[in-house]
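Going down the list, the sequences are from chains A and B. Residues in the first sequence are numbered from 50 upward in steps of one, following our numbering. Residues in the second sequence are numbered from -15 upward in steps of one, following our numbering. Every residue, glycine too, gets a C-beta built ideally from N, C-alpha and C.
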Amino acid sequence: MTRARGLADAGLLLAFGALVLLLLLWSPAFRAPENIMNIGRGVAILGLAAFAMTFVILLAEIDLSVGAVASASGVVAALALAGGWGWLAVPAALLAGAAFGVLNGLLTVHAAVPSFIATLVSYFIAQGAALTLTGGQTILFEAPTLRAAFATGSVLGLNAALLWLLAAFAVLWWLLARTRFGAHVHAVGGGAGSARMLGLAVDRIRLLVFAGTGALMGLVGLILISRIGNARSDGAVGLEFDAIAAVVIGGTALSGGRGSLPRTALGVLLIGVLNNALAILDVDYNLQQVIKGVLVVLVVLADRWARR
Amino acid sequence: MTAAPRPSGARLLRDAMPVLGLALLVAVFGLSNEHFLDGRNLQRLLVDASTLMVVAFGMTLVILVGEIDLSVGAVAALLAIVLARLLEAGWAWPVAVPAVLLLGLLAGLLNGGLTVIGRIPSFIVSLGTLAVATGLGFILTGAISVAILDGAFLDLFYSDRLLGVPVPLLIVLACFAALLVLLRRTRAGMEMAAAGANAEAARLSGVPVGRRKVEAFALLGLLVGVGAVLAASRLGSGAPDASPTLTLDAIAAVIIGGASLFGGRASLPRTLLGALLIATLGNGMVLLNVHVDAQLVVKGLIILAAVVLERLASGGGRA
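In structure tokens form, the structure reads like this:
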């Protein structure tokens, strides 16, 4: 099993290396430094969602609401900014996201609703809330410093959104790989029953992960609206799919307990490069969705095969 | 299915919810809007709900075997587009309609096959086919709806009547009757319930669990095809975003009908009531001028209540 695992990991790295090499050699547009920064900016939102999703999937749960919750949080922040709340828009967005996360957690943990149903319900509630709050309009706001802090500014040539991503990666990696909490997340995902017998606070761990995912989606909402300077109800539509795809491509098991953040980061990069390459090659956006859909199913199948 | 049922208020409420909820909605909408109980409005409500009803019937089977299909809305939209394109290309409808039903069946087989043979959780498989179907739908249309001009087809599947009943409703009734027989009178139907209740026990007593699951997905696919044909004739077109809430509505209908989210317990008549409740809610909120976006929130909250109620009634365990 470990040998097959090793092969699968090597395969992922190899596929990624080959893709990047091919693109570097073949496409001058791809190797332009400007484009490399484009990829970095492009993966910030996907990366944050995928990192949170890694925790959720490690627990053998799923969160289908991340895109809708990020959109709704962004709308809340934009309305707060348009209403003159200033920096209070930041806690407003984080709280809105966390509220949906807590709802997901309560439903999954305390009502024992399967997480794909619980989060599907919050997906629709968040989408409906965002649509109702915006009235289907684009919300405009003026907040140059806040926008700079979350997306448009840069430090040492690194884009602000990318810095948030790197910071989140560092903190979450430390949390997952170096703390007791991270070890517990792995243990609960490996088997909630035995984790409970070991005396772990299984329910609290699961609730925390869902709530934290929601709060991170609040951050994603802030980055989303800061990047373009306005908010729409469908700002992060489809984010859940790309995030799950990145986690799965990174090799984190859907059955829980097995996976890591660096792997997800590799999956994020792969999807980021793939998106970028498909865009450069002028592949239709919708065809990109088709390709990603097929890819996810193939990767999960390959993973099953490798672990047999 | 459950050992020593606890007679609880939650359980009674869950079992009564589809009937009570429907009666309540009809009373509220009937009292607050003079047009709601109009014969014409009620008939339109039913015909508008025909797609939801047949898809919800199929979803009942898939939830009964302990699986889920998140792709039905996208696949229904795609199939309606394919139908519109085939008719546009000059296919006669008696050829195009079976072709679309066959495609629906194949989509269901794909979801079921990948779930069972590939041993992938069905929500992941159907999330993948959801992405693929949505993408294909936009590619086939360029995001513009494709009009259907075949008058005979449009009349037959929307406005024509047989024995005074609109054809779409007859189709819904036929699907309902056939599935009811399948579930209550055939070995396959009973084995589906057994497979969903406890796959391991069912396997040990000789139930071909995998086959029954694939069959449930295939039947759902076929019914999604039927739903797509009805939607295409109702709307007079195929469009990629024609049914944004069909998936949620279908799952909601089954849950409001009191089905267990873990499989093994689901009832077709209750799903029918659940679908009618969802359809009545939509129709009534339109009459009361509730904004379409707020409708989504209301629907979400009602499903939330149904889900929590179902879990409370099952005592929080996987019963």
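Check the C-beta distance from residue i over to residue j and give it rounded, since I have them as a contact under 8 angstroms.
i	j	result
Gly154 of chain A	Arg245 of chain A	That belief does not hold up - the Cβ atoms of Gly154 of chain A and Arg245 of chain A are roughly 17 angstroms apart, past 8 angstroms.
Leu207 of chain B	Val39 of chain B	6 angstroms
Val162 of chain A	Arg295 of chain B	6 angstroms
Ile94 of chain A	Ala285 of chain A	7 angstroms
Asn335 of chain A	Gly119 of chain B	4 angstroms
Leu107 of chain A	Thr301 of chain A	7 angstroms
Ala33 of chain B	Leu260 of chain B	7 angstroms
Val282 of chain B	Thr255 of chain B	The pair is not a contact, with the Cβ atoms about 20 angstroms apart (cut-off 8 angstroms).
Leu71 of chain B	Ala83 of chain B	With a Cβ gap of about 11 angstroms, Leu71 of chain B and Ala83 of chain B do not count as contacting.
Phe201 of chain B	Asp53 of chain B	7 angstroms
Leu72 of chain A	Ala314 of chain A	At roughly 19 angstroms, the Cβ-Cβ gap does not stay under 8 angstroms, so Leu72 of chain A and Ala314 of chain A are not in contact.
Using the C-alpha atoms, what's the distance from residue j back to residue i?
i	j	result
Ala328 of chain A	Ala250 of chain A	46 angstroms
Ala303 of chain B	Ala295 of chain A	In this predicted model, Ala303 of chain B has a pLDDT of only 38, less than 50, meaning its place in the structure is not dependable; the value taken from the coordinates is given anyway. Approximately 34 angstroms between the Cα atoms of the pair.
Gly299 of chain A	Asp333 of chain A	25 angstroms
Arg28 of chain B	Val149 of chain B	12 angstroms
Ala280 of chain A	Val125 of chain A	9 angstroms
Ala127 of chain A	Ala200 of chain A	14 angstroms
Leu169 of chain A	Leu86 of chain B	29 angstroms
Phe104 of chain A	Asn17 of chain B	49 angstroms
Val10 of chain B	Thr264 of chain B	7 angstroms
Leu26 of chain B	Asp139 of chain B	19 angstroms
Leu347 of chain A	Leu48 of chain B	27 angstroms
Gly267 of chain A	His19 of chain B	43 angstroms
Ala355 of chain A	Ile123 of chain B	34 angstroms
Leu195 of chain A	Leu318 of chain A	27 angstroms
Ala177 of chain B	Leu188 of chain B	15 angstroms
Ala181 of chain B	Leu230 of chain B	26 angstroms
Tyr142 of chain B	Ser227 of chain B	17 angstroms
Leu232 of chain B	Leu207 of chain A	41 angstroms
Val46 of chain B	Ile240 of chain B	15 angstroms
Ala289 of chain B	Ala131 of chain B	39 angstroms
Phe137 of chain B	Ser217 of chain B	7 angstroms
Ser243 of chain A	Leu205 of chain A	48 angstroms
Ala250 of chain B	Pro77 of chain A	58 angstroms
Ala67 of chain A	Ala115 of chain B	26 angstroms
Gly263 of chain A	Ser282 of chain A	17 angstroms
Please classify residue i as buried or exposed, where buried requires at least 16 neighbouring CB atoms within 10 angstroms.
i	result
Arg196 of chain B	buried
Asn273 of chain B	exposed
Arg168 of chain B	exposed
Pro78 of chain B	exposed
Gly74 of chain B	exposed
Glu289 of chain A	buried
Glu184 of chain B	exposed
Ile101 of chain B	exposed
Asp291 of chain A	buried
Ile85 of chain A	exposed
Asp331 of chain A	exposed
Ala53 of chain A	Per-residue confidence for Ala53 of chain A stands at a pLDDT of 49, beneath the threshold of 50, marking its modelled position as unreliable; the derived number appears in the next sentence. Exposed.
In chain B, what lies closer than 7 angstroms to residue i by C-beta?
i	result
Asn335 of chain A	Gly119, Phe122, Ile123
Ile298 of chain A	Residues of chain B passing the Cβ test: none, with the nearest at roughly 12 angstroms.
Val162 of chain A	Leu245, Val291, Arg295
Val151 of chain A	By Cβ distance, chain B contributes nothing, its closest Cβ being about 14 angstroms from Val151 of chain A, past 7 angstroms.
With a Cβ-Cβ cutoff of 8 angstroms, do residue i and residue j count as a contact?
i	j	result
Leu97 of chain A	Val269 of chain A	yes
Tyr172 of chain A	Ala117 of chain A	yes
Leu205 of chain B	Gly92 of chain B	A small correction: the amino acid at residue 205 of chain B is Gly; Leu does not occupy that position in the sequence shown. Going by C-beta atoms, Gly205 of chain B is nearer than 8 angstroms to Gly92 of chain B.
Gly185 of chain A	Asp277 of chain B	yes
Leu211 of chain A	Arg80 of chain A	no
Ile174 of chain A	Leu285 of chain B	yes
Val156 of chain B	Met43 of chain B	no
Val213 of chain B	Gly97 of chain B	no
Ala167 of chain A	Leu156 of chain A	yes
Gly222 of chain B	Leu67 of chain B	yes
Leu219 of chain B	Val3 of chain B	no
Gly150 of chain A	Gly261 of chain A	yes
So which residues of chain A does residue i contact, with C-beta pairs closer than 7 angstroms?
i	result
Val281 of chain B	Ile174, Gly177, Ala178, Thr181
Ala80 of chain B	What Ala80 of chain B touches in chain A: nothing, since even the nearest Cβ is about 23 angstroms away.
Leu30 of chain B	Within chain A, no residue comes near Leu30 of chain B; the closest Cβ sits about 24 angstroms away, beyond 7 angstroms.
So which residues of chain B does residue i contact, with C-beta pairs closer than 9 angstroms?
i	result
Val343 of chain A	Gly112, Ala115, Val116
Phe290 of chain A	Leu111, Gly112, Leu114, Ala115
Quick one: which chain A residues come within Cβ less than 8 angstroms of residue i?
i	result
Gly284 of chain B	Val170, Ser171, Phe173, Ile174, Gly177
Gly102 of chain B	Val346, Val349, Leu350, Arg353
Would you mind telling me which residues of chain A sit closer than 9 angstroms to residue i, beta carbon to beta carbon, in chain order?
i	result
Pro105 of chain B	Ile111, Phe165, Leu303, Ser304, Val349
What residues from chain B crowd round residue i, counting only those whose CB sits closer than 8 angstroms?
i	result
Gly284 of chain A	By Cβ distance, chain B contributes nothing, its closest Cβ being about 15 angstroms from Gly284 of chain A, past 8 angstroms.
Ile293 of chain A	Ile108, Leu111
Gly185 of chain A	Asp277
Val339 of chain A	Ala115, Val116, Gly119, Leu120, Ile123
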